[in-house]
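To start, the structure itself, in structure tokens.
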Amino acid sequence: AVVSTQSTGEGMTRTVCKLLEGRHKPIYSKTMDLGDNLVVINTRKMVIPEKKVYWWYSGYASGHRHVYAKDFHLFRPTECLRLQVEFKLDKLFPQYVKDRMSRLYLFPDEDYPYAANISKVIEGPNNVYRSLADYTENDIANFVEAPDSRLREPKPLYEWDDLD
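For the sequence shown, my numbering begins at 223 and goes up steadily by one.
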């Protein structure tokens with residue numbers, strides 16, 4: 223089981239894809255399906271970015287539809303992660319995508335029927351971004367700023383180049 227409390231969607235997607243494809247095993251090969259069955263719980267408590275948009279097109283005129291991930295996550299908390307994982311899985315062998323997705327079990331809360339069969343519980347990546355209000359004044363004062371590349375003086379490519 224993977225516990226997805228307070229983890230971002232992208233970090234959780236990377237972890238789930240790695241386990242579904244079997245990339246954590248020493249005998250991993252792209253041409254073989256070596257992944258594990260995976261139960262992900264607490265998908266309702268994942269951190270979803272506000273700007274991400276899911277869109278689809280029906281093929282008809284005016285058939286374009288879109289929904290923001292934050293709104294989509296409120297109504298279908300498991301579907302956000304399922305779509306991200308399905309999109310991120312290796313498409314080199316498309317026949318494996320359906321098999322790998324059939325081994326993924328997503329649950330919005332901590333209640334799930336496979337509790338007796340779980341052999342290992344993995345905490346999801348806890349890479350939640352903090353807001354500016356969460357930083358102390360000492361953290362802000364000691365923050366290292368990245369150098370601005372626009373302030374650099376341009377250098378000529380060759381000696382005979384004149385920048386004037």
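We treat Cβ as the ideally placed atom computed from N, Cα and C, and that holds for glycine.
Practice prompt. Could you tell me whether the stretch 257–270 touches the stretch 321–336, using the rule of 3 or more Cβ pairs below 8 Å?
Written response: The stretch 257–270 makes contact with the stretch 321–336: 3 or more CB pairs, one atom from each, lie closer than 8 Å.
Worksheet item: Leaving out five residues before and five after Y252 in sequence, what residues of the same chain have Cβ atoms less than 8 Å from its Cβ?
Response: It should be noted that the sequence gives Lys, not Tyr, for residue 252. Here K252 has D312, L314, F315 as same chain residues with Cβ atoms under 8 Å from its own Cβ, once five neighbours each way along the sequence are excluded.
Worksheet item: For the beta strand (DSSP E) that L260 lies in, which residues bound it at each end?
Response: Looking at the DSSP string, the run of the beta strand (DSSP E) that includes L260 is 260–263.
Item to complete: Would you kindly check if the distance between the Cβ of R322 and the Cβ of G257 is under 8 Å?
Response: Contact: yes.
Discussion item. Let's see if you can read the secondary structure: which residues bound the beta strand (DSSP E) around H246?
Written reply: Premise fails: H246 is in no beta strand (DSSP E) and is neither H nor E.
Item to complete: Give the DSSP-derived three-state secondary structure of L328 in the structure shown.
Response: Note: L328 maps to strand in three-state DSSP.
Worksheet entry | Which of helix, strand or coil DSSP assigns to I362 | Annotated three-state conformation of I362 is helix, per DSSP.
Worksheet item: Buried or exposed: A223, going by 16 or more other Cβ atoms within 10 Å of its Cβ?
Response: Around the C-beta of A223, 16 or more other C-beta atoms lie within 10 Å, and the residue is accordingly described as buried.
Worksheet entry | Backbone CA spacing between K310 and L260 [nearest angstrom] | Taken atom to atom, the span from the alpha-carbon of K310 to that of L260 is near 16 Å.
Item to complete: Measure the alpha-carbon distance for M201 versus Q228 and round it to whole angstroms.
Response: Nothing about residue 201 can be reported from this structure: the residues present for the chain run from 223 to 386 only.
Practice prompt. May I ask which residues mark the beginning and end of the alpha helix (DSSP H) holding V307?
Written response: Where V307 is concerned, the enclosing alpha helix (DSSP H) stretches over 299–310.
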